[in-house]
Amino acid sequence: MRGSAAGLFSALTLVLAAGSAAAAPAMVVAIDQSAAVALPRGTRDVLIGNPAIADVNVLDASKAVVLGKGYGVTNMIVIDQLGRTVMERRIVVAAPETGRVSVIRGPKVDDYACAGGCERDQRSGGDSAKP
1 MRGSAAGLFS ALTLVLAAGS AAAAPAMVVA IDQSAAVALP RGTRDVLIGN PAIADVNVLD
61 ASKAVVLGKG YGVTNMIVID QLGRTVMERR IVVAAPETGR VSVIRGPKVD DYACAGGCER
121 DQRSGGDSAK P
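All residue numbers for the sequence shown refer to the working numbering, where the first residue is 1 and numbers rise by one.
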């Protein structure tokens with residue numbers, strides 16, 4: 001009896017795993033940058049958990065582009081024509097590896113994009129264009 005229960009449990013686990021959405025590795029996107037994503041066949045909808053962190057633009061039935069909008073972690077869910085979740089991916093929006101400086105003066109933070117010289121980020125709260 002125990003052997004058949006274990007076999008049934010194993011079979012049920014395989015069936016459930018086969019029916020679940022494909023787990024993809026986390027996608028890391030630099031803030032203000034974009035990254036291409038291949039969409040599964042039959043994609044109907046692409047959703048982003050927190051649109052303040054990332055946005056997605058579907059280019060065609062097989063491609064989309066994810067844009068990093070704000071620092072943080074969110075997720076992307078892809079739904080097929082039958083309403084099933086066929087892909088779920090964690091999206092991490094992080095600072096670029098180089099070319100960014102933050103100047104902190106008390107509670108005020110000014111962000112600058114730097115390449116040769118520095119220019120204040122449009123989202124920054126500062127009044128001056130140079131640090």
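From the three backbone atoms N, C-alpha and C, an ideal C-beta is built for every residue, glycine too. These numbers come from a predicted model, not from an experiment.
| Asked | Found |
| --- | --- |
| Chain-order list of residues whose beta-carbon lies under 6 Å from that of glutamate 119 (same chain, five-residue window excluded) | Ala113 |
| Cα-Cα separation between lysine 167 and arginine 105, rounded to whole angstroms | There is simply no residue 167 to check, as the chain begins at 1 and stops at 131 in what is shown. |
| Nearest-angstrom Cα separation, counted from aspartate 121 out to asparagine 75 | 25 Å |
| Close beta carbons around alanine 115, own chain, < 8 Å, minus the five adjacent residues each side | Gly99 |
| Cβ shell of valine 58 (< 6 Å), same chain only, five flanking positions each side left out | Val46, Ala64 |
| Helix, strand or coil at leucine 119 according to DSSP, with G and I counted as helix | According to the sequence provided, residue 119 is glutamate. The question's leucine does not apply to it. Strand, per DSSP. |
| Coil, strand or helix - arginine 84 by DSSP | coil |
| Distance between threonine 85 and alanine 61 (C-alpha atoms, nearest Å) | 16 Å |
| Under the three-state DSSP convention, the category alanine 95 falls into | coil |
| Cβ neighbour criterion (16 or more within 10 Å) applied to lysine 69 | buried |
| Cβ-based neighbour list, aspartate 32, same chain, cut-off 7 Å, excluding 5 preceding and 5 following | Gly68 |
| Bridge partners - glycine 68, DSSP secondary structure assignment | Ile31, Ala54 |
| Which residues DSSP lists as bridging alanine 44, in chain order | Here residue 44 is arginine; the residue named in the question, alanine, does not match the sequence. Answer by DSSP bridge pairing: none, since arginine 44 is not bridged. |
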